[in-house]
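Q: Input: one structure, supplied below.
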Amino acid sequence: MSVNTNEEFDLDLLIQQIGPFGKYQLLNYLLICIPVTLTAMYSLAFVFTAGDLDYRCRITECDADNPNLHATFLNFTTPIDGDRFSMCQKFQHIPNGTVEDQCQADLFDHDKVEDCSDFVYQDDETTILSEWDLGCSEEWKLSLVGSINNVGQVVGLALSGYISDRFGRRTVFILSCFFAALLGIIRSFSTSYQMFMVFEFLEPALSVGAFNSAFILGMELLCPERRFLGAFFITAFFALGEALLGLLAMVTRDWRLLLQVAYAPTFIFVIYHWIIPESVRWLQSMNRTRDAAKIIESAVKMNKSELTPEAKAMLTQALQKEYYLNKSEKLHEKERDSNEYRLMSVFKSKILLLRILNCCFCWISIGFVYYGLTMNSVSVAGNKYVNYILNCLTEIPGAALSCILMEKIGRRKVLFVSLTLSSVCCIAYIFLQNAPEAAQLVVFLISKCLATMSYIAVYVYTTELFPTELRHTLVSVCGMIGKVGPTLAPYTVLLGKYFESLPMILFACAALPAGILILFAPETHRKTLPDTIQEAEDIGRR
2 MSVNTNEEFD LDLLIQQIGP FGKYQLLNYL LICIPVTLTA MYSLAFVFTA GDLDYRCRIT
62 ECDADNPNLH ATFLNFTTPI DGDRFSMCQK FQHIPNGTVE DQCQADLFDH DKVEDCSDFV
122 YQDDETTILS EWDLGCSEEW KLSLVGSINN VGQVVGLALS GYISDRFGRR TVFILSCFFA
182 ALLGIIRSFS TSYQMFMVFE FLEPALSVGA FNSAFILGME LLCPERRFLG AFFITAFFAL
242 GEALLGLLAM VTRDWRLLLQ VAYAPTFIFV IYHWIIPESV RWLQSMNRTR DAAKIIESAV
302 KMNKSELTPE AKAMLTQALQ KEYYLNKSEK LHEKERDSNE YRLMSVFKSK ILLLRILNCC
362 FCWISIGFVY YGLTMNSVSV AGNKYVNYIL NCLTEIPGAA LSCILMEKIG RRKVLFVSLT
422 LSSVCCIAYI FLQNAPEAAQ LVVFLISKCL ATMSYIAVYV YTTELFPTEL RHTLVSVCGM
482 IGKVGPTLAP YTVLLGKYFE SLPMILFACA ALPAGILILF APETHRKTLP DTIQEAEDIG
542 RR
């Protein structure tokens, strides 16, 4: 059976007919999610590598070779700061050459204090704070680690978006995993703060594309009504990876060993070049329809799908290179000749430009709240490792709720509801400062659950909003600009030391306006992924 010259190669029809979420898609997702679990640890490793520790001034006149952090002589050697001994100052010592024991209360002048130059740290954990004495006046350098990491991600998103749309999603995915492992291991052998920071920047700059490319690789092979399952799979495994980071940090208690254990296994994913398929939509957008048809054929066989005669003929001719370009491909060739499909052409569309700006603000706000809550989870009353792990595991029900509700009420409403309620919970937490630790933790975790819902929704929403050939680029643009939020988030931990409620106030103020503004964007629920700029513009008109 042949197809006449008026028929088109309809990829959406074929994707519908291979099955909504069969064995092929499930296997593909599991293969993608395994490395996603590991890459999840990289984006937040600085929470523990640059984590805060308990420390105090070293009192040379009193401390032995193996000093005790909570020594009794602190009562007369160290001033009180709030409800604890000062971590950065000590009373001035008055030497007395007539006595052998210089550690006596009458030899310390309580009217004169001086800044410390040497410190004693808790002995059950090491971070770069204790490695290079980054406490007190140098404390800002710890927050800078998280910011530099996010600046590296900004650079990486721009780079990976371009490479992905030009050379393929799979290429970016594999290269990102390789560079993550290599640079992460090198960072663990840093000999100075400066060297550590250089690789803290380079590693995300060359590896951040792993998650975005994995997300798009999976989403582009699913029909609209099953995209929520794909989003849930990736997010659930990402949350497990974050929780695994907390478990490894609790077991290792050493920042160098933590990095080595977390990064080393990622080298193995180089073999994915021969295991996972390229994105069929990307192949089609590059006029590689025969390659796309081979992947569809494999999916049909594994899922044991029954194709209609029309679909069979279409697939057969594509495999034999006897196909006819579909409408999106024809338009693609025409627009390529006129350079319309360059990135700047998108910014000439007022409709898409306004949507990009709206999405960017939403990404900034959600990233600020999501990462800010994660970083501040180690400061909530209780065991910091347990709190962090619970904070991460809360993302799984958050992802499930988001995916279910996105199918019930749509993407926009989920974003609005989750962001608004997250803002309310952050304000409520402020009034629970004197409540039991369990009550504080529950409200905090609900806030994080809602922030996760909004993060899932904005990823799915942004993926569905833009045309195929520039989808990864535009998702990366939103993610790149959105990194302003996570870049600022580490400083909320520092601000919390001076005004305990300020971080939650800032999170509430960021979430609410983003939730309101998203209502002015179009709904993408159950819409076919747009292939062209015109189709993307038409989403809001349907």
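Just so we're on the same page, the working numbering is the position in the sequence shown counted from 1, plus 1. A virtual CB, placed ideally from N, CA and C, is assigned to each residue, including glycine.
1) To the nearest angstrom, how far is it from the Cα of Ile390 to the Cα of Glu126?
2) Leaving aside the five residues before and after Leu394 along the sequence, list all residues of the same chain whose C-beta is less than 6 Å from its C-beta, in chain order.
3) What first and last residue would you give for the alpha helix (DSSP H) that runs through Phe120?
4) Report the three-state DSSP secondary structure of Cys404 (helix, strand or coil).
5) Give the range of the beta strand (DSSP E) segment to which Val114 is assigned.
6) What residue ranges within the stretch 462-543 form continuous alpha helix (DSSP H) runs of no fewer than 4 residues, ordered along the chain?
7) Quick one: grab the DSSP three-state call for Asp55.
8) Pull up the DSSP beta-bridge partners for Arg85, would you.
9) Using a Cβ distance threshold of 8 Å, determine whether the stretch 480-498 contacts the stretch 232-251, with at least three qualifying pairs required.
10) Suppose you measure from the CA of Ile60 to the CA of Leu145; what does that come to, to the nearest Å?
11) If I'm right that Met454 touches Gly399 with Cβ under 8 Å, what's the distance once you round it to whole angstroms?
12) Output the boundary residues of the alpha helix (DSSP H) element that contains Gln318.
13) Could you check if Gln318 is buried or exposed, using at least 16 other CB atoms within 10 Å of its CB as the buried criterion?
14) If you compare alpha carbons, which of Ile129, Phe109, Thr128, Leu135 is closest to Ser118?
15) Just reading off the alpha helix (DSSP H) that Lys351 is part of, what are its end residues?
16) In chain order, what residues of the same chain have a beta carbon less than 6 Å from the beta carbon of Pro371, not counting five sequence neighbours either side?
17) Using DSSP's beta-bridge definition, name the partner residues of Phe92.
18) Is the stretch 407-417 in contact with the stretch 430-437, if contact means three or more CB pairs nearer than 8 Å?
19) Quick test of your reading: Val461 and Arg228, contact by CB under 8 Å. State the CB separation rounded to the nearest angstrom.
20) Buried or exposed for Leu207, going by 16 or more other Cβ atoms inside 10 Å?
21) Mind checking whether Phe238 and Thr463 have CB atoms under 8 Å apart?
22) Can you give me the C-alpha to C-alpha distance between Ile357 and Tyr430, rounded to a whole angstrom?
23) Can you find a heavy atom of the ligand MN that lies under 7 Å from the Cβ of Leu495?
24) Taking a contact to mean a Cβ-Cβ separation below 8 Å, would you say Ala265 touches Ile186 in this structure?
25) Should Ser339 go down as buried or exposed, given a rule of 16 or more other Cβ atoms within 10 Å for buried?
26) If we ignore side chains and look at the alpha-carbon of each, how far apart do Val121 and Arg472 end up?
27) What number of angstroms, rounded off, separates the C-alpha of Val281 from the C-alpha of His526?
28) Just the Cα atoms here: how many angstroms apart are Phe445 and Ala382?
29) Quick check: the Cα distance between Glu298 and Glu311, rounded to an integer number of angstroms?
30) Mapping the DSSP letters down to three states, classify Thr40 as helix, strand or coil.
31) Just to confirm my understanding: we take Ser448, look at its own chain, exclude 5 residues before and 5 after, and list those with CB closer than 7 Å. What are they?
32) Quick one: grab the DSSP three-state call for Thr127.
33) Output the distance between the C-alpha atoms of Tyr25 and Asp255, rounded to the nearest integer angstrom.
34) Given a cut-off of 8 Å on the beta-carbon distance, is the pair Ile33 and Gly219 in contact?
35) What's the call for Thr99, buried or exposed, on a 16-neighbour Cβ count within 10 Å?
36) Taking the alpha-carbon positions, what's the Leu249 to Phe200 distance?
A: To lay it out plainly:
1) 18 Å
2) Ala244
3) Note, Phe120: premise wrong, no alpha helix (DSSP H); beta strand (DSSP E) at 120-122.
4) helix
5) 109-116
6) Runs found: 472-483, 485-489, 491-497, 503-518, 534-539.
7) coil
8) Its beta-bridge partners are Asp82.
9) no
10) 29 Å
11) Sure, about 5 Å apart at Cβ, within 8 Å.
12) 310-320
13) By the 10 Å Cβ count, Gln318 comes out buried.
14) Leu135
15) 351-377
16) Looking at the sequence itself, residue 371 is Tyr, so the reference to Pro does not match. Result list for Tyr371: Ala452, Tyr456, in chain order.
17) Val114
18) no
19) Contact holds; Cβ gap of about 6 Å.
20) buried
21) No, the Cβ-Cβ distance between Phe238 and Thr463 is not below 8 Å.
22) 32 Å
23) What this structure holds is no ligand at all, so the ligand MN is not there to describe.
24) Against a cut-off of 8 Å, the Cβ pair of Ile186 and Ala265 comes out as a contact.
25) Residue placement at Ser339 is flagged as unreliable, the pLDDT there being 41, under the threshold of 50; the coordinate-derived value follows with that caveat. Around the CB of Ser339, fewer than 16 other CB atoms lie within 10 Å, so the residue is classed as exposed.
26) 52 Å
27) Each residue's CA atom was taken as its position, placing Val281 and His526 some 21 Å apart.
28) Distance between the alpha carbons of Phe445 and Ala382: 11 Å.
29) 14 Å
30) helix
31) Cβ within range, chain order: Leu374, Ser423, Cys426, Cys427, Tyr430.
32) In this structure, Thr127 counts as strand in the three-state DSSP scheme.
33) 41 Å
34) yes
35) exposed
36) 21 Å
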